[in-house]
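Numbering (my numbering), first residue to last: 10 to 204.
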Amino acid sequence: MINRITGIRKRWFVVAASVALLAVGLTFGSVFASGSDPTDILKRGGHSDQRGGGHFGNNDTVLNRVAELLGKTRAELDSAFATSLDEQANTKFEERMTALVTDETLTQDQADAANTWFDERPSNSGAIAIRLAGTSDTDKVDTRLAKLVEAEKLTQDESDDLSDWHDDRPDSLPTVSHKHSGGRHGHHGDGDSDS
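Right under this line is the structure:
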């Protein structure tokens, strides 16, 4: 009988965890599909913009419920998302450097230097840093950061830290063209993209 009760509890935990993950996936899926910065939902208290997000009403309510279902605080949930997004940025950047070595755009030493530079970015800034890394134009970077500060997605201190970090961008890194062709980003050396 005790084994049966334990089995039922385990099944309910799996169901609750599945529902929580589904809710998180749907919420963040809508943010990604809308083209928003995925960290926006965390920095603005869960309210997505109206460019396609908001399909689930108040995302703050959803995320609070997910935290409750997982037995975590909202701060712990937000921290876990920020860490996950930062890890994804690391993986994406490293894959990009590997591809640039493979197509002989960079040497392995240049790619290693770029990876080291990217790793030294301000903490939990991966989603923004990955975009800033694609341009060498400091004016465009400063303009983009100023817009993020104005939209209250970054503090001025966070913006200054990212700007200082970007100033050390390796010269060997090519500029990335953010063309929306199947989600793939090409590179070129003729100019910087301002996407």
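Glycine is no exception: its CB is placed at the ideal position from the N, C-alpha and C atoms.
Check, Outcome
"Selected residue, minimal CA-CA separation from T100, among A136, D170, T144", "A136"
"Enclosing alpha helix (DSSP H) for N133 [first to last residue]", "It is not in any alpha helix (DSSP H) - N133 carries neither H nor E in the DSSP assignment."
"Start-to-end residues for the alpha helix (DSSP H) that takes in L78", "68-79"
"Among D170, N124, A76, D173, the one whose alpha carbon lies nearest that of L182", "N124"
"Cβ contact (3+ pairs, closer than 8 Å) linking the stretch 166-179 and the stretch 127-147", "yes"
"Length of the line joining the Cα atoms of P179 and A155", "23 Å"
"CB of L94 within 9 Å of CB of N68, strictly", "no"
"Reference D87; option with closest CA among L72, A108, E96, D177", "L72"
"Where E184 sits in the DSSP three-state scheme", "Per the sequence shown, residue 184 should be read as Thr rather than Glu. The answer is strand: DSSP assigns T184 an E or B state."
"Buried versus exposed call for A76 [16 or more other C-beta atoms within 10 Å across all chains shown]", "buried"
"Nearest candidate by alpha-carbon position, reference T184, set D118, Q119, A142", "A142"
"Cut-off 6 Å between Cβ atoms - residues of its own chain near E129, not counting five sequence neighbours on either side", "none"
"With 16 other Cβ atoms within 10 Å as the buried cut-off, status of E167", "buried"
"Among A122, F90, R83, the one whose alpha carbon lies nearest that of F102", "A122"
"Inter-residue Cα distance where the pair is L109 and A160", "34 Å"
"A120 CB to nearest heavy atom of the ligand ATP below 8 Å", "Absent from the structure shown: the ligand ATP. Ligands present: none."
"Chain C contact for K162 (CB, 9 Å cutoff)", "Looking for chain C here will not work: only one protein chain is present."
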